[in-house]
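Undergrad: One structure follows; several queries about it will come next.
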Amino acid sequence: MIPFGLVSPQSGEALHHDTPHSLREGRLGPRWPVIDGIPYLRVGRDDLVREALGHLDKGAPGHALEQLLADQDDGWTGPRPDPAQLRELVRDLKYVSLREAVARLAWGEVGDYFVHRWTDPTFLAGLALLEAHWNAPLCVFELACGIGHYLRELQGRGVRTSGADVVFAKLWVARHWVVGQRAQLLCFDAGSPHWPIEGTPVDLVLCNDAFSLLKDKSCILDCLRRTAGEEGWLALSHIHNSARAGFSAGHAVSAAEIEELFPDGLVYDDAELTHALVEARAPAPAEPSALGAVEAFSVVCGPGMRPAPRALVDGLTLPPDGTQLRLNPLYRPMPEGDYAIAWPSERYAAEYGPFATYPMRSPGPETIVAGPDTAERARRREFASLPERW
């Protein structure tokens, strides 16, 4: 765990534990709830904070948890979870799979994205970006970490991790199904008046497949750079190009804006990173002006970054030898005895199908062990390392 100090997202005053389940500003200042070691520090949620604290103070953490699990980001237009389903999820936590948890949280197509992200091409592009510039960081912070896909990969390499997201339920899922207790997890808005983390800078700061969703990019980027300090580096993958129609809402940017935001950056076509991974070669960065037609950009910047990309032959992009791998869960058994890709939705097929690295049919089997003989099947994510309770 990274020993970040915490401050109020409203006032910037230092926070301390006044009870095991809450943080307070000063001696009599505002309080913030903490559940499963995850501080809830969202601004503009005063009623929710007050109600959650009330349940926690009365010794009813389950009721507080159910309320926070129902909270979503301000732009959410999907369904709301059924309170009865949330109650059952909290009660049956130890016996529920990741897929069942996501279904009970009513994440819809976002849920499809999360449970299959270990094999999607944009996730692989982010891993490729990290490996291409890897310099053995000791500690990493990820903004908009979701349910912890990247944090899990980094923890598996002995890196201390911390992640933040605006949606508490995603962090809670990360805690119980993906990263366990070792990661420091925080719920806060990237656009808060004060970022609630301070202290020693980390070696590497990430923002994967989320920078496009953020409004005030310049200010948030300043916060990310401060978190990396004078010796760290930043990696931001899958930043949507405003010149291309896409599937995600948010605030995409142009190639010119990428150049302005990252004057010290190395910029990639996101798809180039995925191709480089499959082909086991070094990815080629390009001038932003040459990337005006790409679907998405990826960028590394900062004084601590590796100055030239290395070949993607090992490291983060491949599971360690001996890891138990499962057949990509997008495959379904066929009458012929092999397996074929079955997309979870039409949108998923349209968004990820054209960039898929895995073959549309596989002979199986359902599990293999990572090693030299299976490296290519793992590289293209025909097989993947999934959480134990996937």
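Note that this note's numbering gives residue 1243 to position 112 of the sequence shown, counting from 1, and the numbers run on in steps of one.
Glycine included, each C-beta is placed from N, C-alpha and C at the ideal position.
(1) Mind reading off the beta-carbon distance from residue 1365 to residue 1336? Whole number of angstroms is fine, and I expect it under 8 Å.
(2) For residue 1455, name the three-state secondary structure that DSSP assigns.
(3) Nearest by alpha-carbon distance to residue 1392: which of 1357, 1272, 1350, 1200 is it?
(4) Spatial neighbours of residue 1148 within its chain, please: CB distance less than 7 Å, with the 5 preceding and 5 following residues excluded, ordered by chain position.
(5) For residue 1238, count neighbouring Cβ atoms within 10 angstroms of its own Cβ and tell me buried if that reaches 16, exposed if not.
(6) Could you have a look at residue 1389 and say whether DSSP puts it in helix, strand or coil?
(7) Can you list, in chain order, the residues of its chain with a C-beta nearer than 6 Å to that of residue 1201? Leave out the 5 residues immediately preceding and following it.
(8) Compare the beta carbon distance of residue 1456 and residue 1495 with 8 Å and say whether it is the shorter of the two.
(9) Please list the terminal residues of the continuous alpha helix (DSSP H) segment that includes residue 1351.
(10) What residues match up with residue 1315 in a beta bridge as DSSP calls it?
(11) What number of angstroms, rounded off, separates the C-alpha of residue 1170 from the C-alpha of residue 1191?
(12) From the DSSP output, in three-state form, read off residue 1229 for me.
(13) Quick check: residue 1472 and residue 1479, are their CB atoms within less than 8 Å of each other?
(14) Give me the Cα-Cα distance between residue 1321 and residue 1273, rounded to the nearest whole angstrom.
(15) State yes or no: is the C-beta of residue 1363 within less than 8 Å of the C-beta of residue 1294?
(16) Within a Cβ cutoff of 7 Å, which residues of the same chain sit near residue 1182, ignoring the five residues on either side of it in sequence?
(17) Hey, would you say residue 1282 sits closer than 8 Å to residue 1305, going by beta carbons?
(18) Using a Cβ-Cβ cut-off of 7 Å (strictly less than) and excluding sequence neighbours within five positions of residue 1196, which residues of its own chain qualify?
(19) Taking the alpha-carbon positions, what's the residue 1268 to residue 1224 distance?
(20) Take the Cβ of residue 1139 as the centre, count every other Cβ of all protein chains shown within 10 Å, and call the residue buried at 16 or more, exposed below.
(21) Using CA atoms only, rank isn't needed, just tell me which of 1339, 1347, 1394 is closest to residue 1367.
(22) Starting from residue 1336, follow the beta strand (DSSP E) in both directions and report where the run begins and ends.
(23) Do you know whose CA, among 1492, 1467, 1509, 1433, lies nearest residue 1266's CA?
(24) Let me know the secondary structure DSSP gives residue 1208 once reduced to three states.
(25) When DSSP labels each residue in this structure, what does residue 1426 get in the three-state scheme?
(26) Would you say residue 1300 and residue 1236 are within 8 Å of each other, going by their C-beta atoms?
(27) Return the chain-ordered list of same chain residues with a C-beta closer than 8 Å to the C-beta of residue 1325, the five sequence neighbours on each side being excluded.
(28) Report, in whole angstroms, the separation of the C-beta atoms of residue 1486 and residue 1405, which I expect to be a contact under 8 Å.
(29) Taking C-beta to C-beta, are residue 1449 and residue 1508 nearer than 8 Å?
(30) Sorted by chain position, which residues of the same chain lie with C-beta nearer than 6 Å to residue 1297's C-beta, five sequence neighbours on each side aside?
(31) How many angstroms separate the CA atom of residue 1444 from the CA atom of residue 1411?
(32) Taking the C-alpha atoms as reference points, what is the distance between residue 1264 and residue 1512?
(33) Give me the residue from 1383, 1312, 1303 with the minimum Cα distance to residue 1342.
(34) According to the neighbour-count rule (16 or more other Cβ atoms, all chains shown, within 10 Å of its Cβ), is residue 1151 buried or exposed?
(35) Is it the case that the Cβ atoms of residue 1469 and residue 1501 are separated by a distance below 8 Å?
(36) Among the candidates 1163, 1315, 1492, whose CA atom is the shortest distance from the CA of residue 1175?
TA: According to the structure shown:
(1) 5 Å
(2) strand
(3) 1350
(4) 1154
(5) buried
(6) helix
(7) 1212
(8) no
(9) 1348-1359
(10) 1293
(11) 17 Å
(12) helix
(13) no
(14) 12 Å
(15) no
(16) 1198
(17) yes
(18) 1166, 1221
(19) 33 Å
(20) buried
(21) 1339
(22) 1335-1339
(23) 1433
(24) coil
(25) coil
(26) yes
(27) 1138, 1139, 1140, 1141, 1142, 1143
(28) 6 Å
(29) no
(30) 1204, 1320
(31) 5 Å
(32) 21 Å
(33) 1383
(34) exposed
(35) no
(36) 1163
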